[in-house]
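Heads up: the structure comes next, in structure tokens.
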Amino acid sequence: MINTLPKLVIFDCDGVLVDTEGPVNEVIADSLTRYGLPVSAHECQELFVGGTIFGVHDEAKRRGADLPDNWVDETLLAIFARIEAGVEVIDGIPELLDQLEAQGIATAIASNGPMGKMERSLGPSGLWQRFEGRIYSREGFTPKPAPDMVIQALKDAGVDAAGAVMIDDSSNGCLAAVRADVRAIGYAAEGQDETLRAVGAEVVTSIDQIAELIGL
């Protein structure tokens with residue numbers, strides 16, 4: 095265990111800060127089923143966790159979905175509408191952020207989701223405002239598992255890789271941290287612990303476990 099407090103904690107957004115993955119996967123499953131690829135929300139979670147909407151599009155077409163040219167735009171609009179109906183903050187996140195702030199530890203977000211989606215999902219709870227200016231997305235960066243977003247967050251915070259921790263619930267996100275030489279903590283609320291360990295992450299099953307793990 096590392097006893098020195100980190101100087102920067104980087105969070106994934108969907109499934110780590112806010113519970114968007116369930117509602118989003120329901121929207122995607124409904125759409126793909128309508129276009130000839132019958133899948134459940136649970137199957138979408140397993141297939142597409144930590145990816146991008148463009149990756150979903152390409153994989154769905156490879157599996158036989160007959161998607162229209164505007165599928166990405168159509169689906170994003172449906173996702174935005176669903177998120178605006180309300181999503182829950184993940185249990186333990188407000189308390190963890192308060193603890194980090196009390197210790198003067200910087201925070202950031204690195205997500206494969208678009209900025210518009212994050213603003214809608216994080217805004218009502220005040221998390222968007224809390225992280226504003228330190229939010230990195232696949233708009234402008236190569237998506238995770240590439241380490242680009244993580245490296246930029248380190249640079250902007252003036253922290254080296256050894257002084258940072260990243261919390262993600264996907265193998266893509268944890269792999270991005272590992273590739274940036276950042277300590278990866280995998281949040282395995284959905285039972286994906288072996289997948290996260292396989293890419294080099296330490297695994298927790300609740301946000302409450304993170305404070306002790308990083309020395310708070």
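The numbering used here puts the last residue of the sequence shown at 310; the count rises by one with no breaks.
Each residue gets a CB set at the ideal place from its N, CA and C atoms; glycine is no exception.
Bear in mind that the values here come from a model prediction, so they are computed numbers and not experimental data.
Rounded to the nearest angstrom, what separates residue i and residue j at their Cα positions?
i	j	result
isoleucine 261	serine 205	11 Å
proline 132	aspartate 167	20 Å
alanine 123	glutamine 223	31 Å
proline 117	proline 188	21 Å
asparagine 164	phenylalanine 142	19 Å
isoleucine 304	valine 297	9 Å
What span of residues does the alpha helix (DSSP H) with residue i cover, start to end?
i	result
glutamate 296	Looking at the DSSP string, glutamate 296 is not in any alpha helix (DSSP H); the run it does join, the beta strand (DSSP E), is 296-298.
alanine 175	165-178
alanine 135	135-142
At what residues does the beta strand (DSSP E) containing residue i begin and finish?
i	result
phenylalanine 235	No beta strand (DSSP E) contains phenylalanine 235, which DSSP labels as neither H nor E.
threonine 201	200-205
alanine 258	258-262
leucine 102	102-105
isoleucine 361	This structure does not reach residue 361, given that the chain is present from 95 up to 310, and the question cannot be answered.
Please name the residue, chosen from the options, that lies closest to residue i on a Cα-to-Cα basis.
i	options	result
leucine 221	Ser134, Leu111, Ile173 and Ala270	Leu111
lysine 211	Gln286, Pro162, Ile177 and Arg277	Ile177
threonine 201	Leu216, Gly180 and Arg228	Arg228
tyrosine 281	Arg273, Asp302 and Val272	Asp302
alanine 283	Asp275, Cys268, Thr299 and Gly257	Thr299
glycine 294	Cys138, Leu307 and Val272	Val272
Counting Cβ pairs, one atom from each stretch, are 3 or more of them under 8 Å apart for the stretch 248-255 and the stretch 140-155? no
Check whether the stretch 201-218 and the stretch 100-111 are in contact - that is, three or more C-beta pairs closer than 8 Å. Touching, yes, given that three or more Cβ pairs across the two stretches are closer than 8 Å.
Can we say the stretch 160-177 touches the stretch 189-198, given the rule of at least three CB pairs closer than 8 Å? no
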